[in-house]
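Report on one structure; see the data block that follows.
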Amino acid sequence: MDLSADANTSMILEGDGFLLEVLPERGGGIGRLEWNGVPVLRGACGLSPLDLASFPLVPFSNRIAAGHFSFAGHEVSIAPNMSSVDAANPLHGFGWLSAWAAVPCADGQIAIEHVHRRGGWPWQYRARQTFAVSPAGLTMRLALLNADDTPMPAGLGFHPYFPREARTLYRGLHRTEWLVDASGLPTGRQDQPTAQDWWHGQPIASRVVDTVYEGREGDLEIVQPEHGIRITMRPSANLGCTVVYTPADADFFCVEPVSHSTDPLNCPAAQHAMHILQPDEEMVAEVLFSVSAL
40 MDLSADANTS MILEGDGFLL EVLPERGGGI GRLEWNGVPV LRGACGLSPL DLASFPLVPF
100 SNRIAAGHFS FAGHEVSIAP NMSSVDAANP LHGFGWLSAW AAVPCADGQI AIEHVHRRGG
160 WPWQYRARQT FAVSPAGLTM RLALLNADDT PMPAGLGFHP YFPREARTLY RGLHRTEWLV
220 DASGLPTGRQ DQPTAQDWWH GQPIASRVVD TVYEGREGDL EIVQPEHGIR ITMRPSANLG
280 CTVVYTPADA DFFCVEPVSH STDPLNCPAA QHAMHILQPD EEMVAEVLFS VSAL
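Everything in the sequence shown is counted per the numbering used here, starting at 40 for the first residue and increasing by one.
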């Protein structure tokens, strides 16, 4: 296993066929992930956080409607944090827009940390990512500590981008698909009695969606016939939702394991709420990426 760094701007982890590039100063994101030379994630293709191969979602996932919610008897307002994409609603938390720093960790791993001292999000917190490879695959671990003196709503997730070809398949079993408006906020839900593949075995490009699925059962699987690989994501049990983003005519798509549905603080119909972290309490989530040849 090989680990190297370049002035803390790029950290490389290699082992068991994987090559991972982590970019701490770019939102703690990933620049590339390959397996035996084959791209598992879309490589970073520009300077925006949205051009990365993946980035962390902390301390919440997706959007908060108008940046406003009530919590513990207080009214909380958060300004939009990526106005070029959404001028009305803050999205994806604050970790992806912050610089992270390398911290000590076990040999053969990468660990980076980001400390938030109030501001846009009115609670102090500390987030840490740890990356490790093994014969089982690449494990991405994300931990969030409430460093404030009052309870804090909390959510975690991962936002990977995958290459998309005409025959690319995605299979994830969920019981609920949310209907959303033009900005991605929930307007209603479709429930099934059992978890199902909402693509029914058809290529990922056969549907254009940007929504969240609840009630995940089992792993998430992506098949890339053109690249000859199968990717399996095994999220931890507390990542019971999956955001899927398949823009029309794009060469990528996103499958994002997350801990809560979109805007749960304002949506009483959400099945997966944000966790409430007490002072000094920590929330941990992880996902294992396994890759095999077809």
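Glycine is no exception: its CB is placed at the ideal position from the N, C-alpha and C atoms. Given the structure is predicted, the values throughout are model-derived calculations rather than measurements.
Query raised in the report: Taking buried to mean at least 16 other C-beta atoms within 10 Å of its own C-beta, is D220 buried or exposed?
Result: Classification of D220: exposed, given that the 10 Å Cβ count is below 16.
Query raised in the report: Any chance the region 177 to 191 sits against the region 250 to 262, with 3 or more Cβ pairs inside 8 Å?
Result: Fewer than three Cβ pairs drawn from the region 177 to 191 and the region 250 to 262 lie within less than 8 Å of each other, which leaves the two stretches out of contact.
Query raised in the report: What residue range is occupied by the uninterrupted beta strand (DSSP E) comprising L96?
Result: Note, L96: beta strand (DSSP E), S93 to L96.
**Report entry** Per-residue DSSP class, three states only, for G67
**Finding:** Taken through DSSP and simplified to helix, strand or coil, G67 comes out as coil.
Requested in this report: Count the other CB atoms, across all protein chains shown, that sit within 10 Å of the CB of L218; report buried if there are 16 or more and exposed otherwise.
Outcome: With fewer than 16 other Cβ atoms within 10 Å, it is exposed.
Query raised in the report: Would you call the region 227 to 246 and the region 187 to 197 touching, i.e. three or more CB-CB distances under 8 Å?
Result: Two segments are said to touch when three or more pairs of C-beta atoms, one from each, lie closer than 8 Å; by this definition the region 227 to 246 does not touch the region 187 to 197.
Query raised in the report: At which residues does the beta strand (DSSP E) containing D249 begin and terminate?
Result: D249 to E253 is the span of the beta strand (DSSP E), which, as asked, contains D249.
Query raised in the report: When you compare only the Cα positions, how much space is there between S49 and G112?
Result: Cα to Cα, S49 sits roughly 43 Å from G112.
Query - Buried or exposed (CB count within 10 angstroms, at least 16 for buried), V251 - result: Label assigned to V251: buried.
**Report entry** Cβ-based burial, G85 [other Cβ within 10 Å; buried from 16]
**Finding:** Classification for G85: exposed.
**Report entry** Cα-Cα separation between L59 and D146, rounded to whole angstroms
**Finding:** Just so you know, the alpha carbons of L59 and D146 end up roughly 15 Å apart.
**Report entry** Helix, strand or coil at L212 according to DSSP, with G and I counted as helix
**Finding:** Three-state DSSP puts L212 in a strand.
Query - Segments of 3+ residues assigned as beta strand (DSSP E) that fall wholly inside the region 94 to 143 - result: Counting only runs of 3+ residues, the beta strand (DSSP E) found wholly inside the region 94 to 143 occupies 107 to 110 and 113 to 116, in chain order.
Query raised in the report: From which residue to which residue does the beta strand (DSSP E) around A332 run?
Result: If you look at A332, you'll find it in the beta strand (DSSP E) that goes E321 to A332.
Requested in this report: On the DSSP bridge assignment, give the partners of T169 in chain order.
Outcome: DSSP, once it has assigned bridges, lists A150 and R180 as partnering T169.
Requested in this report: Would you give the residue range spanned by the beta strand (DSSP E) that P286 belongs to?
Outcome: Per DSSP, P286 belongs to no beta strand (DSSP E) and is neither H nor E.
Query raised in the report: Comparing the C-beta of V154 with each C-beta of chain D, is any distance below 7 Å?
Result: Protein chain content of the structure displayed is limited to a single chain, and chain D is not contained in it.
Query raised in the report: Which residues bound the beta strand (DSSP E) around Q317?
Result: Unbroken run through Q317: none, as it is neither H nor E.
Query raised in the report: Excluding sequence positions up to five away, which residues of its chain have a Cβ less than 8 Å from the Cβ of P63?
Result: Only N47, T48, M50, A138, W139, A140, A141 and I151 meet the Cβ criterion.
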